[in-house]
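> Residue numbers (full-length UniProt numbering): 1 to 439.
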Amino acid sequence: MDVELRCILRILILRAMSTRILMNWLLSHGHMITAVGGNGGYSGGKQFVSADELREKLSHLRHEKALIVKLVDIVDFNGSFLARLRDLVGANPIILVVTKVDLLPRDTDLNCVGDWVVEATAKKKLSVLSVHLTSSKSLVGITGVVSEIQKEKKGRDVYILGSANVGKSAFISALLKTMAQRDPAAAAARKYKPIQSAVPGTTLGPIQIDAFLGGGKLIDTPGVHLHHRQAAVVHSEDLPVLAPRSRLRGQPFPNSKVGPENGMAEKNQSQGLNGFSIFWGGLVRVDILKVLPETRLTFYGPKALQIHLVPTDKADEFYKKELGALLTPPTGKERAEDWRGLELEQRLQIKFKDVERPASDLAISGLGWIAVEPASKPRGQSDINLEETINELHLAVRVPKPVEVFVRPPLPVGKAGAEWYQYRELSEKEEELRPKWHF
1 MDVELRCILR ILILRAMSTR ILMNWLLSHG HMITAVGGNG GYSGGKQFVS
51 ADELREKLSH LRHEKALIVK LVDIVDFNGS FLARLRDLVG ANPIILVVTK
101 VDLLPRDTDL NCVGDWVVEA TAKKKLSVLS VHLTSSKSLV GITGVVSEIQ
151 KEKKGRDVYI LGSANVGKSA FISALLKTMA QRDPAAAAAR KYKPIQSAVP
201 GTTLGPIQID AFLGGGKLID TPGVHLHHRQ AAVVHSEDLP VLAPRSRLRG
251 QPFPNSKVGP ENGMAEKNQS QGLNGFSIFW GGLVRVDILK VLPETRLTFY
301 GPKALQIHLV PTDKADEFYK KELGALLTPP TGKERAEDWR GLELEQRLQI
351 KFKDVERPAS DLAISGLGWI AVEPASKPRG QSDINLEETI NELHLAVRVP
401 KPVEVFVRPP LPVGKAGAEW YQYRELSEKE EELRPKWHF
């Protein structure tokens, strides 16, 4: 190889290294850069890694000693929960951090939510040291996470893992702020603030942060892109719409505003929601096939997504006409023309035994959830006799491919959630092995 060619290759290598170093420096100092291509992110050049490559960057964890802090979004608990986590981290201890609890409806009892999270985690057969309900905005629960890290770290590196947009960057900022009160290393590290963005994929690779005295580093890892979330299918400019910015308020259907103007004529109100379809923006359609007349669906998710009720026999026409206008995302007729539509339909049969509590939640990956309540008794109405009613609710849920719909036990939110939630009786062995929740 001649001298000129070697010089050209050396220049190209140095330029590539400089690009990667510059990007990581920008990320560490709070700047936003173009996201990883695909999965709803902006398209990038060759210097950007794919979602699969981001996962590969963490494959070494199972072969080294580390402390894992796993983040999950309470608004999107099922959709943001990384599958096969043990395959990724091996036998390393896990602290489960639930983010964004400040977004839950007012008067929510976090004791009930903590118990619900532990039950849901146990069903996933994931053994964790402890569960922490947190808010990076108000710093609720952050002190408890710091104490647990200091107790379990033992000189090991601490890896922060989570799916894209789970609130990982905001959590690290809150963690450093809390640690800085006693740890000068963390105080110095606060100038390396991780980025916070509504766009997935803005962290290219693991970023080491010198946040501890006496050994070990805090490592911010790339957000993992999950193909089954709504963020993987919407246009990048519509992504901010998917993120709730304020406390959730359930939107119930039917409600006092549902009447003839919504297609629910007076003569049909005795049938309740039967024969109607509900659109959640342009992303979700729920067809009511067979439910009790008193059945109510309550939607918990971003306020920017409008909800519309129409007769099912007019639903196809309504969707075609209003997609990109009343039904967004996608926003605008141009994006609507490129939209593949609600290609995936799941027919659900939801059984219930108690009309005093929600039967189930329908969790829409990357969006929020719908509480399915089989009956709501008006004042003065006698108790509903279950023996004289159907004990199954039949719904059809349509979403874009490959978005997933999860049927799960209802999340106890609001004042009513604390009233109907029931704690499961535990054996002594279960009580001993069961992780504690903190907030």
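A virtual CB, placed ideally from N, CA and C, is assigned to each residue, including glycine.
A quick note: this is a predicted structure, and the numbers were derived from the prediction, not measured.
(1) What is the DSSP secondary structure of R62, reduced to helix, strand or coil?
(2) Under 7 Å Cβ to Cβ from S163, same chain only, skipping five residues before and after it: list those, please.
(3) What do you get for G281, buried or exposed, if any count of 16 or more other CB atoms within 10 angstroms of its CB means buried?
(4) Nearest by alpha-carbon distance to residue 460: which of I95, H63, P105, V97 is it?
(5) Could you check whether the stretch 142 to 159 touches the stretch 98 to 114, counting it as contact only if at least three pairs of C-beta atoms, one from each stretch, sit closer than 8 Å?
(6) Quick one: grab the DSSP three-state call for T99.
(7) Under 8 Å Cβ to Cβ from Q271, same chain only, skipping five residues before and after it: list those, please.
(8) So, for E119: in the same chain, excluding its five sequence neighbours on each side, which residues have a beta-carbon less than 8 Å away from its beta-carbon?
(9) Of all the options K137, T295, V397, N92, which has the alpha carbon lying nearest to the alpha carbon of A66?
(10) Ignore the nearest five residues each way along the sequence and tell me which others in E430's own chain have a CB closer than 8 Å to its CB.
(11) What's the gap between the Cα of residue 440 and the Cα of D287?
(12) Pick helix, strand or coil for R106, following the three-state DSSP scheme.
(13) If you reduce the DSSP assignment to three classes, tell me which class E119 lands in.
(14) Starting from the C-beta of W369, find all residues in its chain whose C-beta is less than 6 Å away, skip the five residues before and the five after it, and write them out in chain order.
(15) Does A396 get closer than 8 Å to chain B when you measure Cβ to Cβ?
(16) Hey, quick one: how far does the alpha helix (DSSP H) through R86 stretch, first residue to last?
(17) Tell me the rounded alpha-carbon separation between T143 and S427.
(18) Compute the beta-carbon to beta-carbon distance between V128 and K100, rounded to the nearest angstrom, for a pair I have assumed lies under 8 Å.
(19) Work out the CA separation of F212 and L411 for me, nearest whole Å.
(20) Excluding the five sequence neighbours on either side, which residues of its own chain have a C-beta within less than 6 Å of the C-beta of L323, listed in chain order?
(21) Among all the DSSP beta bridges, which residues are the ones paired with V128?
(22) What's the gap between the Cα of E343 and the Cα of F253?
(23) Could you tell me if G366 is buried or exposed, where buried requires 16 or more neighbouring beta carbons within 10 angstroms of its beta carbon?
(24) With distances taken Cα to Cα, identify the nearest neighbour of R296 among L139, H60, D102, E373.
(25) If you count every other CB in all the chains shown that lies within 10 Å of the CB of V199, and 16 or more means buried, which is it?
(26) So, with DSSP's three-state summary, where would you put P222?
(27) Measure the CB-CB distance between I209 and A189 and report whether it falls below 8 Å.
(28) Among I94, S130, I350, K168, which has the Cα closest to the Cα of E432?
(29) Beta-carbon within less than 7 Å of V407's beta-carbon, same chain only, minus the 5 sequence neighbours each way: which residues are those?
(30) Please work out which residues of its chain come closer than 6 Å, Cβ to Cβ, to G141, disregarding the five sequence neighbours upstream and downstream, and give them in chain order.
(31) In whole angstroms, what separates the C-alpha of V255 from that of I307?
(32) Under a three-way DSSP split, which group does R335 fall into?
(33) Could you tell me how far apart the beta carbons of P358 and A375 are, in whole angstroms, since I believe they sit closer than 8 Å?
Quick answer:
(1) helix
(2) S80, L82, G223, V224, L226
(3) buried
(4) Because the chain spans 1 through 439 in this model, residue 460 falls outside it and cannot be assessed.
(5) no
(6) strand
(7) P293
(8) P409, R424
(9) N92
(10) none
(11) This structure cannot settle anything about residue 440, because the visible part of the chain is limited to 1 through 439.
(12) coil
(13) helix
(14) Y300, D361, A363
(15) Protein chains in the displayed structure number just one, and chain B is not present.
(16) 85 to 89
(17) 30 Å
(18) The pair is not a contact, with the Cβ atoms about 19 Å apart (cut-off 8 Å).
(19) 36 Å
(20) G282, A336
(21) Bridge partners of V128: none, in fact.
(22) 24 Å
(23) buried
(24) E373
(25) Per-residue confidence for V199 stands at a pLDDT of 48, beneath the threshold of 50, marking its modelled position as unreliable; the derived number appears in the next sentence. The residue in question, V199, is buried, as its Cβ has 16 or more Cβ neighbours within 10 Å.
(26) coil
(27) yes
(28) S130
(29) L348, I350, S360, L362
(30) H132, L133, T134, F439
(31) It is worth fixing the name first, because residue 255 is Asn in this sequence and not Val. In a straight line, the C-alpha of N255 is about 12 Å away from that of I307.
(32) helix
(33) Wrong, their Cβ atoms sit about 10 Å apart, outside the cutoff.
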